[in-house]
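Q: In my numbering, the protein residues as written are 2 to 168.
Yeah, the Cβ is synthetic: ideal placement off N, Cα and C, and Gly gets one too.
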Amino acid sequence: MEHSYASIWDIPATDINGTQYAKLGDKFGDVKPKLSLVVNVASRCGLTDSHYSQLTQIHQKYKPQGFEVMAFPCNQFGSQEPGTNKQILDFVCNKYGSTFHMFDKVDVNGDNAHDLYKYLKKQTRLARITWNFGKFLVNQEGKVLDYADPQVQPNELIPKIEKYLAI
2 MEHSYASIWD IPATDINGTQ YAKLGDKFGD VKPKLSLVVN VASRCGLTDS
52 HYSQLTQIHQ KYKPQGFEVM AFPCNQFGSQ EPGTNKQILD FVCNKYGSTF
102 HMFDKVDVNG DNAHDLYKYL KKQTRLARIT WNFGKFLVNQ EGKVLDYADP
152 QVQPNELIPK IEKYLAI
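Rendered as structure tokens:
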């Protein structure tokens, strides 16, 4: 059944620790991030080290201005995210010192794709996510502003992040 959501904040989600939110926005309460980067991540991809390192740095630098990274592990590309949620979280925290929001492992393509990814793809007219580390910039109202494919390094998004945050 196809759902019709007004924004990403209305879509149910579960964080990596198993806390279920009737709406993704409930995780952030009354103050939604001014800008979010939603990204499908994997621990064993050739892009993992550069992406996680840069995502961590960007999150730390721009969080005070209202920026959040929301990472959704996905095992659909080369089985490069085979671990449990606990293993994934331990890896990200211990190896990269990441403090951004991690969510439950999801599918981003196919019949079992998470509603969030169905929404994101529909908003950007993407037929499918092509690989690990597809990145969506989303505004405070939960609308998609931009998409960057996996080959785009997170640091390449800094000019857009600063523009959207009005820095």
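Give me the Cβ distance between PHE92 and TRP132, rounded to the nearest whole Å; I'm assuming they're in contact under 8 Å.
A: That pair is no contact at about 19 Å.
Q: Hey, quick one: how far does the alpha helix (DSSP H) through LYS164 stretch, first residue to last?
A: 159 to 165
Q: Between which residues of its own chain and VAL107 is the CB-CB distance below 8 Å, once the five residues before and five after are set aside?
A: ASN41, PHE73, PRO74, CYS75, ALA114, HIS115, LEU117 and TYR118
Q: Assuming LYS145 and PHE101 make a contact with CB atoms under 8 Å, what is their CB distance in whole Å?
A: The sequence shown places Val at residue 145, not Lys. Rounded, the Cβ-Cβ distance is 18 Å, inconsistent with contact.
Q: In the stretch 38 to 94, which residue ranges form an unbroken beta strand (DSSP E) of at least 3 residues, counting only runs that do not cross its ends?
A: Fully enclosed beta strand (DSSP E) runs of 3 or longer: 68 to 74.
Q: Considering only the beta carbon of each residue, do LEU36 and LYS136 sit closer than 8 Å?
A: no
Q: Label ASP123 either buried or exposed according to how many other C-beta atoms from any shown protein chain fall within 10 Å of its C-beta, with 16 as the threshold for buried.
A: This sequence places Lys at residue 123; Asp is not what is there. Its Cβ having fewer than 16 others within 10 Å, LYS123 is exposed.
Q: Please name the residue, chosen from ASP147, LEU25 and ASN140, that lies closest to ARG126 on a Cα-to-Cα basis.
A: ASP147
Q: Report buried or exposed for CYS46, applying the criterion of at least 16 other Cβ atoms within 10 angstroms of its Cβ.
A: buried
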